[in-house]
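Sequential numbering from 1 applies to the sequence shown in UniProt numbering.
Ideal Cβ positions, reconstructed from N, Cα and C, are used throughout, including at glycine.
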Amino acid sequence: MKVAIIGAGLSGLVCARELSSQHDVQLFDKARCVAGRMSTRRVEPDLQFDHGAQYFTARDPRFHVEVDAWVAAGAAAPWTSPIGVLQCGEVTLSENSPVRYVGVPAMNAPVKRLAEGRAIHLSTRIEAVSRDDDGWTLAAESGERFGPFDALICTAPPAQATVLLGEVAPQCAAEVAKVTLNPCWATLVQFTQWLPFDLDGAFVHDSPLSWIARNGSKPGRNAEPDCWVLHATQAWSERHVEQSPDQIAPQMLAALAAAIGKSLPGVAYQTAHRWRYSIPPQPLSVGCLSDAELRLAVGGDWCQQAKVEGAFLSGLALAETVVQWE
Ligand SMILES: Cc1cc2nc3c(=O)[nH]c(=O)nc-3n(C[C@H](O)[C@H](O)[C@H](O)COP(=O)(O)OP(=O)(O)OC[C@H]3O[C@@H](n4cnc5c(N)ncnc54)[C@H](O)[C@@H]3O)c2cc1C
Numbered sequence: 001m002k003v004a005i006i007g008a009g010l011s012g013l014v015c016a017r018e019l020s021s022q023h024d025v026q027l028f029d030k031a032r033c034v035a036g037r038m039s040t041r042r043v044e045p046d047l048q049f050d051h052g053a054q055y056f057t058a059r060d061p062r063f064h065v066e067v068d069a070w071v072a073a074g075a076a077a078p079w080t081s082p083i084g085v086l087q088c089g090e091v092t093l094s095e096n097s098p099v100r101y102v103g104v105p106a107m108n109a110p111v112k113r114l115a116e117g118r119a120i121h122l123s124t125r126i127e128a129v130s131r132d133d134d135g136w137t138l139a140a141e142s143g144e145r146f147g148p149f150d151a152l153i154c155t156a157p158p159a160q161a162t163v164l165l166g167e168v169a170p171q172c173a174a175e176v177a178k179v180t181l182n183p184c185w186a187t188l189v190q191f192t193q194w195l196p197f198d199l200d201g202a203f204v205h206d207s208p209l210s211w212i213a214r215n216g217s218k219p220g221r222n223a224e225p226d227c228w229v230l231h232a233t234q235a236w237s238e239r240h241v242e243q244s245p246d247q248i249a250p251q252m253l254a255a256l257a258a259a260i261g262k263s264l265p266g267v268a269y270q271t272a273h274r275w276r277y278s279i280p281p282q283p284l285s286v287g288c289l290s291d292a293e294l295r296l297a298v299g300g301d302w303c304q305q306a307k308v309e310g311a312f313l314s315g316l317a318l319a320e321t322v323v324q325w326e
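What follows is the structure, encoded as structure tokens:
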């Protein structure tokens with residue numbers, strides 16, 4: 001079969017890898033690079049930030065095997081830094097946590113590895129999909145058309161998938177529309193001196209911030225300069241969702257100073273990134289949704305679990321579904 005996959009994040013690329021020995025698979029992503037929410041923001045050669053997923057854990061044996069392969073290939077490693085909880089200036093070290101892994105040298109490394117040698121149309125936003133007797137056709141924002149394909153897989157976030165599928169697969173689109181993804185503001189900051197904070201990562205309570213991480217403490221990164229990623233809570237991100245990055249970064253830095261109870265060093269670089277669709281608060285736990293008659297399957301973390309492992313498992317479920325149509 002000729003298979004089109006919308007989305008070159010982890011779920012789309014795992015699905016592509018599973019299918020590609022038997023099928024002709026093409027991927028489409030609106031971004032300039034693969035990895036979706038596991039992306040890394042590179043500012044200049046020496047400055048990088050994991051601004052989406054911060055780390056991943058592995059519980060399912062199938063994901064364990066995959067992570068072990070990533071580690072063996074040097075694309076991931078355990079992040080062994082002290083991580084804890086920060087509340088009103090007090091820190092509590094987390095104990096008995098599962099192993100936290102990160103991509104090496106950046107969070108996007110495992111996905112980039114999965115992407116090697118695959119047919120991927122980057123910077124290609126799919127605006128519409130249609131189906132006739134020949135199969136699926138994809139229309140890109142640029143005006144380009146791709147197809148026909150025998151099967152279509154969509155791993156875009158639900159809001160985008162609903163728009164794409166609304167007319168051609170209304171039943172499936174209605175199911176997809178039930179799922180939402182929260183927004184999340186991320187602030188990326190390089191300090192001129194070391195931030196006076198003992199932990200390398202912390203879940204923050206009673207603050208506009210939900211999480212802070214010293215990016216350079218992760219394996220394979222430059223330890224200096226001292227670069228941090230700050231994530232805002234869902235509620236704060238929702239309230240400020242339409243503000244500009246220039247407005248957001250100073251507010252989140254003020255929240256960091258308040259949370260650690262100390263004044264901050266000088267700032268050499270700061271910016272903010274809005275994840276309009278970040279985490280699904282209520283994922284479906286079904287692996288994927290599909291319509292065999294239409295040869296259509298829809299997936300992503302939001303179909304399974306709100307994390308990297310969930311995206312991986314959904315990618316497998318998508319491939320298993322397509323294989324049944326052979
Ligand atoms: C701020 C943040 C923090 C997170 N922290 C963690 C964490 O610490 N641990 C953890 O395990 N998980 C975390 N996650 C979740 C994790 O990143 C996701 O579960 C996982 O990356 C989802 O992968 P995916 O393939 O399902 O979706 P995505 O990575 O979102 O991939 C979907 C792809 O579809 C593309 N796309 C969308 N619409 C179109 C279109 N119309 N045309 C073409 N392409 C399109 C997008 O560009 C994207 O690349 C976090 C996510 C965010 C945003």
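Item to complete: Measure the C-alpha to C-alpha separation of Asp29 and Ala73 and round it to an integer number of angstroms.
Response: Those two C-alpha atoms are separated by around 25 Å.
Discussion item. Give me the residue from Ala255, Leu256 and Trp275 with the minimum Cα distance to Cys184.
Written reply: Residue Trp275 is the option with its Cα nearest to Cys184.
Discussion item. Using C-beta distances below 7 Å, list every residue in its chain close to Phe149, excluding the 5 sequence neighbours before and after it, in chain order.
Written reply: Lys2, Val3, Ala4, Gly135 and Trp136
Worksheet entry | C-alpha distance - Ala254 paired with Asp24, whole-angstrom precision | 51 Å
Practice prompt. Could you check the C-alpha separation between Pro283 and Ala174 for me, to the nearest Å?
Written response: Rounded to whole angstroms, Pro283 to Ala174 spans 15 Å at the Cα level.
Fill in: Contact set for Ala139: own chain, Cβ-Cβ below 6 Å, skip 5 residues either direction
Glu127, Ala128 and Arg145
Item to complete: Have a look at Leu289 and Ala317 and give me their C-alpha separation to the nearest angstrom.
Response: Looking at the two C-alpha atoms, the distance is approximately 9 Å.
Discussion item. Let's test the definition: count the other Cβ atoms within 10 Å of the Cβ of Lys178 and tell me whether it reaches 16, buried, or not, exposed.
Written reply: Exposed, since its Cβ has fewer than 16 Cβ neighbours within 10 Å.
Fill in: Spatial distance of Pro208 from Met107 (CA atoms)
So the alpha carbons of these two residues sit roughly 24 Å apart.
Worksheet entry | Three-state class that DSSP yields for Asp291 in the structure shown | strand
Worksheet item: Should Arg125 be listed as close to ligand 1, given that the test is whether its C-beta is under 7 Å from any heavy atom?
Response: yes
Practice prompt. Can you grab the Cα-Cα spacing for the pair Asp226 / Arg239, in whole Å?
Written response: 29 Å
Worksheet item: Is the CB-CB distance between Trp194 and Asn215 below 8 Å?
Response: no
Worksheet entry | Ala119 versus Tyr55, Ala268 and Arg17, residue with shortest Cα-Cα distance | Arg17
Worksheet entry | Coarse secondary structure for Pro78, derived from DSSP in three states | strand
Fill in: Rounded separation between Leu294 and Ala151 - CA only
Here the C-alpha atom of Leu294 lies approximately 8 Å from the C-alpha atom of Ala151.
Worksheet item: Hey, quick one: how far does the alpha helix (DSSP H) through Thr162 stretch, first residue to last?
Response: Pro158 to Leu165
Practice prompt. Pick out whichever of Ser314, Val286, Leu313 and Gln270 has its Cα sitting closest to the Cα of Glu44.
Written response: The shortest Cα separation from Glu44 among Ser314, Val286, Leu313 and Gln270 belongs to Gln270.
Practice prompt. Could you check which residue in Arg37, Thr233 and Thr192 has the C-alpha nearest to that of Lys112?
Written response: Arg37
Item to complete: May I ask you to verify whether the region 76-95 touches the region 245-260, counting CB pairs closer than 8 Å and requiring at least 3?
Response: yes
Worksheet item: Where does Phe312 sit, in a helix, a strand or coil, going by DSSP?
Response: helix
Discussion item. Just checking Val54 against ligand 1 - is the residue's beta carbon closer than 7 Å to any of the ligand's heavy atoms?
Written reply: Note on residue identity: the sequence assigns Gln, not Val, to residue 54. Yes, the Cβ of Gln54 comes within 7 Å of a heavy atom of ligand 1.
Practice prompt. Identify which residue in Tyr101, Ile83 and Val189 has its Cα closest to the Cα of Gln71.
Written response: Reading the sequence as shown, one finds Val at residue 71 and not Gln. Ranking the options by Cα distance to Val71, first place goes to Tyr101.
Item to complete: Can you have a look at residue 334 and say buried or exposed, based on whether 16 or more other CB atoms are within 10 angstroms of its CB?
Response: What is shown of the chain runs 1 to 326, which leaves residue 334 out entirely.
Practice prompt. Select from Ser21, Leu10 and Arg41 the residue whose C-alpha is nearest the C-alpha of Val189.
Written response: Arg41
Discussion item. Suppose the cutoff is 8 Å on Cβ atoms and the five residues either side in sequence are ignored; what does the same chain contact list for Pro245 look like?
Written reply: Answer for Pro245: Thr271, Ala272, His273 and Arg274, listed in chain order.
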